[in-house]
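Below you'll find the structure, written out as structure tokens, and then a few comments.
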Amino acid sequence: MSDASDAHDAAAGRLPGLTSTLVFKLGTLGTVATDRFTRALDAFELGLKPKHVGLMVALDAGAAASQQELAARMGVAPSLVVSLADHLEQLGAVQRVRDPQDRRRQVLTLTDEGRRLLDRCEAAGHELDAELAGELTGAQRRALTEALQHLAAHLGLP
105 MSDASDAHDA
115 AAGRLPGLTS
125 TLVFKLGTLG
135 TVATDRFTRA
145 LDAFELGLKP
155 KHVGLMVALD
165 AGAAASQQEL
175 AARMGVAPSL
185 VVSLADHLEQ
195 LGAVQRVRDP
205 QDRRRQVLTL
215 TDEGRRLLDR
225 CEAAGHELDA
235 ELAGELTGAQ
245 RRALTEALQH
255 LAAHLGLP
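Everything in the sequence shown is counted per our numbering, starting at 105 for the first residue and increasing by one.
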């Protein structure tokens, strides 16, 4: 909807159109950002997707974790973590190790190669940040970053 139709809605006593909602804006921008990040990862020619990066970020943020714990932390199915970990293990980015306290449990750790790969992903993310936020002033960018960090923290996200 346009500003004109939002004004019409307001004059008619209706709520502004869906496109003016935070949910719609974040969803649309999130889709664009994810698509561009996916293309940046494709350039590495390693078969990486954003969820692979999310798994490496989760491992980098804390100690070694079981696949079940990572699934809960990431909000995804345990079977997806297994698939992501399989691919990352083939790349040498993660390592599965039996938990010495519970031999039935496997924990994942990020390897040195995984940290190097994560550094490359972070660099790609920063390049995309500059591209996506290029129209913002420094103050606008800081305000946006602060607001998004606040919302993420409120929702228990990194």
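Note that the Cβ used here is the ideal one computed from N, Cα and C, for glycine as well.
Bridge-paired residues (DSSP) for residue i
| i | result |
| --- | --- |
| D203 | D206 |
| L232 | The partner list for L232 (beta bridge, DSSP) is empty, contrary to what the question assumes. |
Between the CA atoms of residue j and residue i - distance to the nearest angstrom
| i | j | result |
| --- | --- | --- |
| H230 | K155 | 17 Å |
| F148 | V157 | 13 Å |
| G121 | V136 | 21 Å |
| Q244 | M178 | 29 Å |
| V161 | Q172 | 16 Å |
| L152 | L221 | 10 Å |
| L163 | A189 | 11 Å |
| G166 | T215 | 13 Å |
| A250 | T241 | Note that residue 250 is Glu in the sequence shown here, rather than Ala. Taking the straight line joining both Cα atoms gives about 14 Å. |
| L248 | G131 | 15 Å |
| P182 | R208 | 16 Å |
| T118 | V127 | The sequence given here has Arg at residue 118, not Thr. Their Cα atoms are separated by approximately 18 Å. |
| E239 | H191 | 37 Å |
Whole-number beta carbon distance between residue j and residue i, since they are thought to touch under 8 Å
| i | j | result |
| --- | --- | --- |
| A169 | V211 | 6 Å |
| L255 | R140 | That belief does not hold up - the Cβ atoms of L255 and R140 are roughly 21 Å apart, past 8 Å. |
CB of residue i within 8 Å of CB of residue j, strictly
| i | j | result |
| --- | --- | --- |
| L145 | C225 | yes |
Residue i at chain D interface by Cβ criterion, 8 Å
| i | result |
| --- | --- |
| A168 | Absent here is chain D; the protein component of the structure consists of one chain. |
The region 213-220 contacting the region 192-205, beta-carbon criterion three pairs below 8 Å: Put simply, the region 213-220 touches the region 192-205. At least three CB pairs are less than 8 Å apart.
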